[in-house]
Amino acid sequence: MTAKLPTWLTDDTPLPTVKKQHHFLAQNIRHLEQLLLHFSQATEQARPQLKHYWPPQIKLLTTLGVVLLLSLNQNPLLLWLILLGELGLLLFLPGFYLRQILRQTLISSGVALFLILPSLLLTTPASVAVFCLKTSLILLTLTYYRATSTFSQVVQALKQLHCPNGLIFVIDITLTYLKMLAEFLLGLLQAVSLRTVGPTAHPYRTIGLLFGTLYLKTRDYALALYAAMEARGFIGDYPAAPHTTKKRRGHRYLFLRGR
Numbered sequence: 075m076t077a078k079l080p081t082w083l084t085d086d087t088p089l090p091t092v093k094k095q096h097h098f099l100a101q102n103i104r105h106l107e108q109l110l111l112h113f114s115q116a117t118e119q120a121r122p123q124l125k126h127y128w129p130p131q132i133k134l135l136t137t138l139g140v141v142l143l144l145s146l147n148q149n150p151l152l153l154w155l156i157l158l159g160e161l162g163l164l165l166f167l168p169g170f171y172l173r174q175i176l177r178q179t180l181i182s183s184g185v186a187l188f189l190i191l192p193s194l195l196l197t198t199p200a201s202v203a204v205f206c207l208k209t210s211l212i213l214l215t216l217t218y219y220r221a222t223s224t225f226s227q228v229v230q231a232l233k234q235l236h237c238p239n240g241l242i243f244v245i246d247i248t249l250t251y252l253k254m255l256a257e258f259l260l261g262l263l264q265a266v267s268l269r270t271v272g273p274t275a276h277p278y279r280t281i282g283l284l285f286g287t288l289y290l291k292t293r294d295y296a297l298a299l300y301a302a303m304e305a306r307g308f309i310g311d312y313p314a315a316p317h318t319t320k321k322r323r324g325h326r327y328l329f330l331r332g333r
């Protein structure tokens with residue numbers, strides 16, 4: 075006599091379908107951590123040192139000149155010469171910089187070509203090839219400068235090129251704001267993720283609350299900065315350099331002194 079199994083063991087019961095989990099908080103936390111690494115001084119100090127050194131102002135002028143030349147040029151021979159020069163510069167870079175530059179250039183080139191793909195289908199293949207080469211070279215040049223230059227070097231280059239202090243101040247305070255707000259948003263996302271238990275029915279409902287809190291924090295930072303600058307006597311007016319006029323008598327005096 076054989077024992078029969080109970081019916082609940084023999085019946086096939088379909089497994090309940092599990093809803094797709096949204097990793098909204100974890101993904102944004104990871105992206106913010108990667109963004110803050112670019113502003114970290116410890117990250118800049120841990121980067122491999124470059125063997126060849128260019129002054130910051132020369133590197134900035136060269137980058138802007140190459141981008142302008144690529145934008146206005148239509149000669150394929152010059153494009154190939156610039157490509158050979160870019161590849162020659164990449165040969166002197168350590169593997170850390172080389173991987174970063176090539177990966178970011180390929181990603182940004184793919185996104186740029188995808189955005190302009192409909193217009194490329196209406197032109198000749200030769201024009202498409204030249205345009206793709208120019209776009210890739212421009213992105214490679216900008217990525218090379220971004221990967222091999224720190225923010226302090228950019229500020230130093232602008233100062234050496236006699237840029238107005240107001241322009242340098244705007245760039246500096248903008249990046250400082252971005253860093254402070256990114257740190258605040260990272261802490262806010264980490265706090266929300268720690269207080270969240272189990273899957274949420276509407277994971278994107280908290281986006282409005284996060285951006286509202288971030289806006290209020292931005293306003294508080296702006297008011298605090300304005301009050302601090304007023305306390306130091308800054309009213310938004312940058313003094314211009316005084317114009318010195320030399321009289322003819324002064325020129326004659328200098329001429330006689332030179333003799």
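The sequence shown maps to residues 75 to 333 in the numbering used here. Ideal Cβ positions, reconstructed from N, Cα and C, are used throughout, including at glycine.
Less than 8 Å divides the Cβ of I212 from the Cβ of V141. Under the three-state reduction of DSSP output, I190 falls in the coil class, being neither helix nor strand. Across the set P80, A200, A265 and L134, the C-alpha of L134 shows the shortest separation from the C-alpha of Y219.
Cβ-Cβ distances below 7 Å link T287 to L262 in the same chain, with the five nearest sequence neighbours on each side left out; the list follows chain order.
Secondary structure within the region 145-223: the alpha helix (DSSP H) runs of 4 or more consecutive residues, fully enclosed, are 150-165, 169-189, 191-194 and 199-222 (chain order). Nearest C-alpha to Y289 among G139, R173, Y251 and F166: Y251. K233 carries a helical assignment under DSSP once its states are collapsed to helix, strand and coil. Residue burial is scored here from C-beta neighbours: V228 has at least 16 other C-beta atoms within 10 angstroms and is therefore classed as buried. Note that the C-beta distance between Q174 and A100 is not below 8 Å.
Using a Cβ distance threshold of 8 Å, E304 and L110 do not count as a contacting pair. In this structure, T179 lies near S210, with their beta-carbon atoms less than 8 Å apart.
Under the three-state reduction of DSSP, K78 is assigned to coil, being neither helix nor strand. Per DSSP, the continuous alpha helix (DSSP H) segment holding T250 begins and ends at N239 to R269. In the three-state reduction of the DSSP assignment, D86 falls in the coil class, being assigned neither a helical nor a strand state.
Taken through DSSP and simplified to helix, strand or coil, P130 comes out as helix. With fewer than 16 other Cβ atoms from the protein chains shown falling within 10 Å of its own Cβ, A203 counts as exposed. The alpha-carbon of P129 is positioned some 40 Å away from that of S193. Here K291 really is in contact with L255; their C-beta atoms are around 7 Å apart, less than 8 Å.
By the neighbour-count definition (other C-beta atoms within 10 Å, threshold 16), T215 is a buried residue. L146 has its alpha-carbon roughly 15 Å from the corresponding atom of T136. Note that the C-beta distance between I156 and L144 is below 8 Å.
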